[in-house]
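Reading through the structure tokens given below for one structure.
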Amino acid sequence: EVWKVSGHLDAFTDPLIECKLCHQRIRADNNNEIKEHEKSHKEKNIDWTKPKSFNLMTEVFLGVTEPKQKAYLRGEITQGVFVNFQNVVDSSRVKIPFGIAQIGKAFRNEITPGNFTFRSREFEQMEMEYFIKPDNEEGQKLFDYWKNERLNWYVKLGIKKENLHLRDHEENERAHYAKYATDIEYNSPFGWKEFEGIHHRGDWDLGRHKLTYKDSDGKEEYTPWVIETSGGVDRAALFFLIDAYYEENDRVILKLHPNIAPYKVAVFPLLANKEELVKKAREIYQTLSRKFYVSWDDRGNIGKRYFSQDEIGTPWCI
Ligand SMILES: [Zn+2]
């Protein structure tokens with residue numbers, strides 16, 4: 001029911017065309033892939049069907065009795081926030097403007113997964129729904145604010161500024177709910193690619209779910225507007241890795257920002273067979289472990305230990 005109300009069952013679609021020779025389906029807007037496919041049939045003439053909408057929701061069947069009930073894996077994590085909107089307002093006593101942020105898995109029946117973890121059928125999203133008063137000026141101001149906040153967040157954590165830009169959506173490419181929309185795009189080895197969207201959703205969501213917000217003094221009641229920031233975790237992780245990757249002669253160095261490095265520090269005893277040294281190193285390791293993710297390595301020579309920590313992006317070695 002949630003997916004019906006949210007509009008996903010009607011409008012969460014890609015336009016696809018089908019090759020009448022081999023029945024493969026391709027996105028109707030992907031000219032490169034269409035050309036590649038035509039080449040693959042050599043000199044044969046190909047007919048394509050007219051573009052047809054193809055729903056991206058992943059269908060599942062639930063229940064122990066037949067016929068099983070049709071259900072859907074969530075195609076985005078957003079709807080959970082709206083379904084729980086009233087619970088959050090009641091239990092945390094928040095005042096507008098406020099945001100609800102979450103991270104979680106989503107599933108889409110993508111026909112062309114690929115480019116490493118860029119597009120996959122199971123993926124992780126990180127989102128925030130930011131609720132504001134229904135006011136055009138306020139909406140524009142906060143939409144611009146979050147655009148810049150989100151872009152700078154990636155720069156602060158290590159993505160090179162010159163590899164990022166904001167791209168505003170034209171009216172005809174906006175999703176069914178968006179008043180304004182901007183993508184954060186990254187200059188990847190396979191072209192400029194979107195990995196976070198900032199959307200001004202107006203009152204689309206809360207309106208569809210018939211939810212309102214009442215001021216604490218009870219004087220004003222309205223349907224809040226929503227500014228959403230929606231990022232792909234797998235996509236961001238891929239781009240962080242690409243921008244952190246360096247080669248120096250025969251060494252590989254991952255220059256990860258300390259905040260996203262899996263280990264913050266590594267501890268090596270200089271000599272593994274000197275009891276005193278090992279004991280001191282262990283003490284340091286245990287002290288640091290209370291606050292940080294710490295790696296321990298006492299194998300091989302010291303140089304090799306540094307190299308292997310460089311490869312996984314550990315910022316400090318002791
Ligand atoms: Zn074909």
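Quick note on numbering: our numbering labels position 34 of the sequence shown as 34, and the sequence is numbered without any gaps. Note that CB positions come from ideal geometry on N, CA and C, so glycine has one too.
Asked, Found
"Can you tell me where the beta strand (DSSP E) holding His200 begins and where it ends?", "Gly191 to Gly202"
"Starting from Asp47, trace the beta strand (DSSP E) in both directions and tell me its first and last residue.", "Counting along the chain, Asp47 falls outside any beta strand (DSSP E), and DSSP gives it neither H nor E."
"Which residues does DSSP pair with Leu166 in a beta bridge?", "Ile184"
"Ignore the nearest five residues each way along the sequence and tell me which others in Val252's own chain have a CB closer than 6 Å to its CB.", "Glu311"
"Would the beta-carbon of Leu211 fall within 9 Å of that of Gln86?", "yes"
"So is the beta-carbon of Ser230 under 8 Å away from any non-hydrogen atom of ligand 1?", "no"
"What would DSSP say about Ala272, mapped onto helix, strand or coil?", "coil"
"Please report the residue range of the beta strand (DSSP E) in which Ser230 lies.", "Trp225 to Gly232"
"Find out if the Cβ-Cβ distance for the pair Glu127, Glu162 is shorter than 9 Å.", "no"
"Could you check whether Gly139 and Ile184 sit closer than 9 Å to each other, using their CB atoms as the reference points?", "no"
"Taking contact to mean 3 or more Cβ pairs, one atom from each stretch, closer than 8 Å, check whether the region 184-194 and the region 209-224 are in contact.", "no"
"How would you write the range of the beta strand (DSSP E) that Lys70 sits in, first residue to last?", "Gln69 to Leu73"
"Near Tyr285, which residues of its chain fall below 7 Å by C-beta distance, leaving aside the five closest residues on each side in sequence?", "Val267, Val294 and Trp296"
"Quick one: give me the first and last residue of the beta strand (DSSP E) that Arg251 is part of.", "Arg251 to Leu254"
"With a threshold of 8 Å, establish whether the CB of Leu21 neighbours any heavy atom of ligand 1.", "yes"
"Rounded to whole angstroms, what's the CA-CA distance from Leu241 to Leu254? Just pull it up for me.", "7 Å"
"Specify the secondary structure class of Leu9 as computed by DSSP and reduced to three states.", "helix"
"Report the residue from Glu33, Glu38 and Trp3 whose alpha carbon sits nearest the alpha carbon of Lys321.", "With the chain covering 1 to 318 only, the question about residue 321 has no answer from this structure."
"Using CA coordinates, which residue listed in Met57, Ala71, Trp225 and Arg235 is at the minimum distance from Asn187?", "Arg235"
"For a test of the three-state rule: what should DSSP assign to Glu311, helix, strand or coil?", "helix"
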